[in-house]
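This note's numbering runs 2 ahead of the 1-based position in the sequence shown. For reference, the structure discussed in these notes is given below.
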Amino acid sequence: MILYFLLASLLHLTDRVEFSFLNGVVLAIGICMAISHYKHVRHDRMPYLHGFGTGIITSIVASVAFGLFFVIYTVLNPTIMDQLRARDLFGFDLSVTIAFLAILLQSVMSGVIISLVAMQYFKSPDHKPLEGIE
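Printed below as a string of structure tokens:
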């Protein structure tokens, strides 16, 4: 997400809100790679909640790292907050702290949903439906 943000910043696309949603795509790729790696390390035998937790922890680490990077970036380039304020959809005054918390909230919530969906693909094949239900 950091590399994507730097690329968007170099191309002067940070003021366009719609490009920030591609962070979700980057996050989804990272979560899927982490779950896949964990499953491979466990010799393709992975409990469902372990994989789900791996995805959530991956999203937490990624969002904290990206949030801290954003705080540092705003110190180095304070005009970024002016660009974001000009495009804020809700009219609130956006501070660096609120932006950091918004990054954390959006990334972690997205990460939980992405992990849930990804685990439908990565779960072990021996998960069986309940017997007697037809």
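All C-beta atoms in this analysis are idealised placements derived from N, C-alpha and C, irrespective of residue type, glycine included. These numbers come from a predicted model, not from an experiment.
Buried versus exposed, by CB contacts within 10 Å (16 or more), residue i
| i | result |
| --- | --- |
| Gly-3 | Note on identity: in this sequence residue 3 is Met, with Gly being the wrong assignment. Buried, by the Cβ-count rule. |
| Thr-81 | exposed |
| Phe-23 | exposed |
| Ser-109 | buried |
Own chain partners of residue i with C-beta closer than 6 angstroms, once the 5 adjacent residues on each side are dropped
| i | result |
| --- | --- |
| Gly-53 | Ile-37, Met-121, Phe-124 |
| Met-83 | Thr-76 |
| Ile-116 | Ala-30, Ile-33 |
| Phe-71 | Ile-4 |
Three-state secondary structure assigned by DSSP to residue i
| i | result |
| --- | --- |
| Met-83 | helix |
| Met-35 | helix |
| Ser-109 | helix |
| Ser-117 | helix |
| Ser-65 | helix |
| Leu-5 | helix |
| Thr-99 | helix |
| Leu-132 | Low per-residue confidence applies at Leu-132: pLDDT is 49, beneath 50, and the placement is therefore not dependable enough to give any value. |
| Thr-56 | helix |
| Leu-78 | helix |
| Ser-22 | helix |
| His-14 | coil |
| Lys-125 | coil |
| His-42 | helix |
Spatial neighbours of residue i in its chain, beta-carbon cut-off 7 angstroms, leaving aside the 5 residues before and after
| i | result |
| --- | --- |
| Gly-32 | Thr-60, Ala-64 |
| Gly-69 | Phe-102, Ile-105, Leu-106 |
| Arg-47 | Ser-126 |
Any C-beta of chain B under 7 angstroms from that of residue i
| i | result |
| --- | --- |
| Ser-117 | The chain inventory of the structure shown lacks chain B, comprising one protein chain alone. |
Close beta carbons around residue i, own chain, < 8 angstroms, minus the five adjacent residues each side
| i | result |
| --- | --- |
| Gly-113 | Leu-29, Ile-33, Gly-57, Ile-58, Thr-60, Ser-61, Ile-62, Ala-64, Ser-65 |
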